[in-house]
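Residue numbers (our numbering), protein chains in the order written: chain A, 461 to 604; chain B, 461 to 604; chain C, 461 to 604. Don't be surprised by glycine CBs; every beta carbon is placed ideally from N, CA and C. Bear in mind the structure is a predicted one, so any value in this text is a computation, not a measurement. Remarks on the structure that follows.
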Amino acid sequence: MAEYAMAIDENRLEDWVELFDETCDYKIVTRENVEQNLPNVLMWCDNKNMLRDRVESYRHVNLYNLHYDRHVLGPLRFTGNDGAAWRFDVSYSLFQTELEGASRLFSVGRYRVEAIAAGDAARLKSVLVIADTGLVPSLLATPI
Amino acid sequence: MAEYAMAIDENRLEDWVELFDETCDYKIVTRENVEQNLPNVLMWCDNKNMLRDRVESYRHVNLYNLHYDRHVLGPLRFTGNDGAAWRFDVSYSLFQTELEGASRLFSVGRYRVEAIAAGDAARLKSVLVIADTGLVPSLLATPI
Amino acid sequence: MAEYAMAIDENRLEDWVELFDETCDYKIVTRENVEQNLPNVLMWCDNKNMLRDRVESYRHVNLYNLHYDRHVLGPLRFTGNDGAAWRFDVSYSLFQTELEGASRLFSVGRYRVEAIAAGDAARLKSVLVIADTGLVPSLLATPI
Chain A
461 MAEYAMAIDE NRLEDWVELF DETCDYKIVT RENVEQNLPN VLMWCDNKNM LRDRVESYRH
521 VNLYNLHYDR HVLGPLRFTG NDGAAWRFDV SYSLFQTELE GASRLFSVGR YRVEAIAAGD
581 AARLKSVLVI ADTGLVPSLL ATPI
Chain B
461 MAEYAMAIDE NRLEDWVELF DETCDYKIVT RENVEQNLPN VLMWCDNKNM LRDRVESYRH
521 VNLYNLHYDR HVLGPLRFTG NDGAAWRFDV SYSLFQTELE GASRLFSVGR YRVEAIAAGD
581 AARLKSVLVI ADTGLVPSLL ATPI
Chain C
461 MAEYAMAIDE NRLEDWVELF DETCDYKIVT RENVEQNLPN VLMWCDNKNM LRDRVESYRH
521 VNLYNLHYDR HVLGPLRFTG NDGAAWRFDV SYSLFQTELE GASRLFSVGR YRVEAIAAGD
581 AARLKSVLVI ADTGLVPSLL ATPI
C-alpha cells in the first residue's frame, strides 16, 4: 500500500493502475452509504480497463483543480486469508495542497483490500475506499 | 495497535475493551500536564471493569455528539522489553467527521503502551494517552 | 524513522542529530521547487556539525514560536539497495500544537532517505525533506 499511495501522490497514475489485477474492482463509497445500505457510489471501476480509461481521461481532459495529493496510511490490519488471497484494512488520511502552498485535510477513511500473490509481488484484486468524509463527487478528479 | 484503532473507529468499543488485560490501566492526560507534573487526567480507568462500565454508560447514556472517529497511527518505537512485557510508543492523529460530512483534526499525540503476551496474541497492560492537543474533556465521549 | 520523528516531537533534538552519519546531508525543499528544478532550499546542512550548530543555535537563540510538534509517518517504500545502503521514501504529516491547546496541520510531504548499516543500528546518510506545503521559512525553527 506504500507504493499505492506514493503512485497517486506523485501523479504516477499509470503505475497505480498497474498494481491492480485485470479482473479487479475499485470502488469509492461513503461510510454513511455503507452503514445505511444505500447504493450510491462516488467512483466505480469493475475491471482494469476501466481504471485505464479513467486515468487516460484524467490525463486528457481534466486541467482544473490542480493540486498535490498526500496520503498518510496507518498500519495494516489483516482480516482474512484464504489460499492465495489476503484481506486487510488500512486507515488513511489524505491531504491536498494547492499550488500556491496551503495544505488541508481532504478526506479520511479506510481501505478494505483484497490482494493476491503474483510472483514476488502482490496484485490488488479489490479495493473498496470507505470515506468517512462525505466528499463532493465533482472534486474527485484523482483516485483516493 | 491497528486493531485498537479500528475497533474505536468502527464503534466496536466492546472489542476495544477486550484488547486489555483484567489488571490494566488506561489514562488520558495532556502533554502540558505531563511536562509540568500536574495531576489532572481527562479519563482514567485502572482496571478492565472500569473500561466496561465506561463503554456501557456510553452505549446507554450518550446520544449526543454523533461522529465518526478515524485514527491514523505512525510506526511503533520500541522502548523496552523485560520478560513477557514490551513497551513502545506510537504517535497518533485522530480525525472526527460529523454526520453531515466535514472531517476535521480532533487530536494528535502519543500512546505509551505496555503489552504482555497472551497465547498467540498480546494483551494491553497499560495505555497512557498523552494528547498534545488540550482537549475539552466534555467532548471525550469516546476513548482515544 | 519512528525514532527520528519521536526525537523531534519530544524536543530531543540532540538525539535527532545523533541519528545521522558524520558525512550526512539534510535538506528541506518544497515540491514545487523540485518539480520546476529551482535551486531554492528552506534549510540545508551538508554535514553533521552543521546539524549540531543548528540545534545549539535553536537552544540558545530561539525563544519564540513555542509549540509541540507531532509527526505521523506512513509506511516505508523501499526504492533501492546497493551494498550497505538502503533508499526509501516515507510520507509524513506534521501537526503543531500551540501551548494553549489547538492543534493544526503544519506541513505534509515526503522524506527521501538514504541509510547505512552501523553495527546493529542504521545511520542516516541523507535526508531530503520534500514539503508539499509551501512553508514560510521563518517559521522553520525546528527541523521537519
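No Cβ of chain B is located within less than 7 Å of the beta carbon of Pro499/A.
Secondary structure at Val501/B: coil, using DSSP grouped into helix, strand and coil. Of all residues in the segment 546-562 of chain B, only Ser553, Phe555, Thr557, Leu559, Glu560, Gly561 and Ala562 place a beta-carbon less than 8 Å from a beta-carbon of chain A. For Leu479/C, none of the residues of chain B pass the 8 Å Cβ criterion, the least Cβ distance being about 12 Å. From the beta-carbon of Leu565/B, the residues of chain C found nearer than 8 Å are Phe555, Ser563, Arg564 and Leu565.
In the displayed model, Ile576/B falls within a strand according to three-state DSSP.
Between Val489/B and the set Asn500/B, Thr483/B, Glu482/B and Phe555/B, the nearest pair of CA atoms involves Asn500/B. Between Arg547/B and Met466/C, the C-beta gap is not smaller than 7 Å, which leaves the two residues out of contact.
Secondary structure note for Asn493/B: its alpha helix (DSSP H) is the uninterrupted segment Arg491 to Glu495.
Counting along the chain, Ile468/B sits inside the alpha helix (DSSP H) bounded by residues Ala462 to Asp469. With a contact defined as Cβ atoms closer than 8 Å, Asp580/C and Asp529/C miss out at about 28 Å. Taking a beta-carbon distance threshold of 7 Å, Val589/A does not count as an interface residue toward chain C. Within the same chain, Cβ atoms closer than 6 Å to the Cβ of Gly594/B are found at Thr490, the five residues on either side in sequence being excluded. Within chain C, Gly534 and Ser551 have C-beta atoms less than 8 Å from the C-beta of His531/A, given in sequence order.
Taken atom to atom, the span from the alpha-carbon of Cys484/C to that of Val568/C is near 23 Å. Think of a sphere of 7 Å around the beta carbon of Val573/C: no beta carbon from chain A falls inside it, the nearest being about 13 Å out.
Boundaries around Leu584/A are those of the beta strand (DSSP E), Ala581 to Ala591, since no alpha helix (DSSP H) includes it. When rounded, the separation of the alpha-carbon atoms in Gly543/A and Ala577/A is 10 Å.
Listed in chain order, the alpha helix (DSSP H) elements of length 4 or more contained wholly in the segment 506-536 of chain C are 508-520. Around Glu463/B, the same chain offers Leu479 as residues with beta carbons nearer than 7 Å, after the five sequence neighbours per side are excluded. Contact annotation, Lys508/A with Asp481/A: C-beta distance approximately 7 Å; criterion of less than 8 Å satisfied. Straight across, the Cα-Cα distance linking Val494/A with Asn493/B is about 40 Å.
Checking the DSSP bridge columns, you'll see Ile488/A partnered with Met503/A and Val589/A.
A check of alpha carbon separations from Ser551/B across Arg583/B, Val587/B and Leu559/B identifies Val587/B as the nearest. Close to Ala465/B, with beta-carbon spacing below 7 Å, are these residues of chain A in chain order: Gly534 and Ser551. Below the 8 Å Cβ cutoff, chain C contributes Arg491 and Asp592 as neighbours of Tyr528/A, in chain order. Any Cβ of chain A closer than 7 Å to the Cβ of Ala578/B would place that residue at the interface, and such an atom is absent. Judged by beta-carbon spacing, Val532/A lies beyond the 7 Å limit of Val477/A, meaning their Cβ atoms are not closer than that value. Taking Cys505/B as the centre and dropping the five residues before and after it, the same chain places the C-beta of Tyr486, Leu511 and Arg514 closer than 7 Å to its C-beta, in chain order.
Note: Trp546/C is bridge-paired with Asn541/C and Ala575/C in the DSSP secondary-structure output. At least one CB atom of chain A sits nearer than 7 Å to the CB of Val568/C. Around the beta carbon of Ser517/B, a 10 Å sphere encloses fewer than 16 other beta carbons of the protein chains shown; the residue is thus reported as exposed. Here Glu574/A has Ala545, Arg547, Lys585 and Ser586 as same chain residues with Cβ atoms under 7 Å from its own Cβ, once five neighbours each way along the sequence are excluded.
Just so you know, the alpha carbons of Asn541/A and His520/C end up roughly 55 Å apart. Per DSSP, Glu478/C is one residue of the alpha helix (DSSP H) stretching across Leu473 to Glu478.
Taking a beta-carbon distance threshold of 7 Å, Arg537/B counts as an interface residue toward chain C.
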